[in-house]
Amino acid sequence: MIRKAFLLAAALPVVCNAGAAPVAIDVGHFLARPGATSAYGVPEFEYNQSLAAVIAARLTAAGVPVRLIGYRGEMEDLRARAPQAEAAGAKFFLSIHHDSVKAEYQQPWIWNGREQLYSTHASGFSLFVSRLNPRLAESLACASGIGAALRAAGLKPTAHHAETAPGAGGRPWADEANGVYFYDNLVVLKTSTVPAVLFEAGVIVHPDEARELATAGRRDLAAAAVESGLRACGVIAP
Ligand SMILES: [Zn+2]
């Protein structure tokens, strides 16, 4: 479903997509398969798109040109994302996502007259790096930098990806304190030849965090943490 708010957001950062750009911001998922669904029935793609626009605007304002990947929801081929970023001159790849929990932890509720699924099992951000990416050390340094900045701003990482119950992720920690996991087979990370990080900005199936993640304040905070993290790891000059 395409709503008016989505169309307005989609028109915003067209100017970001011209010329060489050292940072690629990848909008997770695409219109036909928009990822997770929030406790209020909003597709993850819309959250990803809105946050990517705020991050791109912040970095551009700081003098760092950004290439947005999949911004209009057209990128159906996961394996085309990293090559498109690198063709644009990207030296760093950040994929933007919003998180959910496994089905067993979700319960039905009625929101605006329609049944949706929600869960209070987990909330918070997480970051992922792949050991199949040839630039793992730099990827991890950037993920840790972003996580540290998010923590300094008062946010907490979620530990639910490390749970080992059947069907849970069981992901090994790369930097537990800063919410960074290894997830080797994430396609956009392992097909990148530049340092790459996947950022789950928060859990949209959680009713409270879904509301917060839809605010300008939370998006600004996340964007500031990304900028700070990329300065800490040297992608952006300090
Ligand atoms: Zn996602």
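Throughout, our numbering is defined as the position within the sequence shown, counted from one, plus 1.
For glycine and all other residues, C-beta sits at the position ideal for the given N, C-alpha and C.
Do you know whose CA, among Pro208, Gly42, Leu52 and Thr159, lies nearest Ala217's CA?
Numbered from its first residue, the sequence shown carries residue 217 at position 216. It is Leu52 whose Cα lies nearest to the Cα of Ala217.
How big is the Cα-Cα spacing for Gly114 and Gly170?
For the purposes of this step, residue 114 is taken as the residue at position 113 of the sequence shown. For the purposes of this step, residue 170 is taken as the residue at position 169 of the sequence shown. The alpha-carbon atoms of Gly114 and Gly170 are separated by roughly 33 Å.
Mapping DSSP to helix, strand and coil, what is Gly218?
As a working note, residue 218 is residue 217 in the sequence shown. Helix, per DSSP.
Buried or exposed for Thr159, please, with buried defined as at least 16 other CB atoms from any protein chain shown within 10 angstroms of its CB.
Sequence index remark: in the sequence shown, residue 159 carries index 158 (1-based). Counting Cβ neighbours within 10 Å, Thr159 comes out buried, since at least 16 surround it.
List the whole-angstrom C-beta distance separating Val195 from Arg82, where the pair is believed to meet the contact cut-off of C-beta under 8 Å.
Looking up residue 195 in the sequence shown gives position 194. Looking up residue 82 in the sequence shown gives position 81. That pair is no contact at about 12 Å.
Same chain, Cβ closer than 7 Å to Leu79, five either side skipped, listed in chain order:
Sequence index remark: in the sequence shown, residue 79 carries index 78 (1-based). Taken in chain order, the residues that qualify are Val188 and Val189.
Pull the bridge partners of Glu228 from the DSSP assignment, please.
As a working mapping, residue 228 is identified with position 227 in the sequence shown. Paired residues: none, contrary to the question.
Straight-line CA distance for His207 to Ser101?
Stepping through the sequence shown from its first residue, residue 207 is reached at position 206. Stepping through the sequence shown from its first residue, residue 101 is reached at position 100. Each residue's Cα considered, the two are about 8 Å apart.
Please name the residue in Pro35, Gln108, Ser131 and Leu133 whose C-alpha comes closest to that of Thr121.
Locating residue 121 in the sequence shown gives position 120, where the first residue counts as 1. Ranking Pro35, Gln108, Ser131 and Leu133 by Cα distance to Thr121 puts Gln108 first.
Just to confirm, does Gly180 get its C-beta within under 7 Å of one of the non-hydrogen atoms of ligand 1?
As a first step, residue 180 is located in the sequence shown; it is residue number 179 there, counting from the start. Flag unset: Cβ of Gly180 not near ligand 1.
For Leu60 versus Glu228, is the C-beta distance shorter than 8 Å?
Taking the sequence shown and counting its residues from 1, the one referred to as residue 60 is at position 59. Taking the sequence shown and counting its residues from 1, the one referred to as residue 228 is at position 227. In contact: Leu60 and Glu228 (Cβ atoms closer than 8 Å).
Do you know offhand how far Val236's Cα is from Lys92's?
Residue 236 sits at position 235 when you count from the first residue of the sequence shown. Residue 92 sits at position 91 when you count from the first residue of the sequence shown. Approximately 8 Å, taken between the alpha carbons.
Compare the beta carbon distance of Trp112 and Gly42 with 8 Å and say whether it is the shorter of the two.
The residue given as residue 112 occupies position 111 in the sequence shown. The residue given as residue 42 occupies position 41 in the sequence shown. Contact flag set, yes.
Let me have the residue list for ligand 1: C-beta closer than 5 Å to any non-hydrogen atom, ordered along the chain.
Gly29, Gly36 and His98
Hey, how far is the Cα of Val28 from the Cα of Arg212?
The residue given as residue 28 occupies position 27 in the sequence shown. The residue given as residue 212 occupies position 211 in the sequence shown. Their Cα atoms are separated by approximately 20 Å.
Less than 6 Å between C-beta atoms, sequence neighbours within five positions excluded: which residues of the same chain meet that for Ala144?
By 1-based counting over the sequence shown, the position of residue 144 is 143. Only Leu128, Val130, Val181 and Val198 meet the Cβ criterion.
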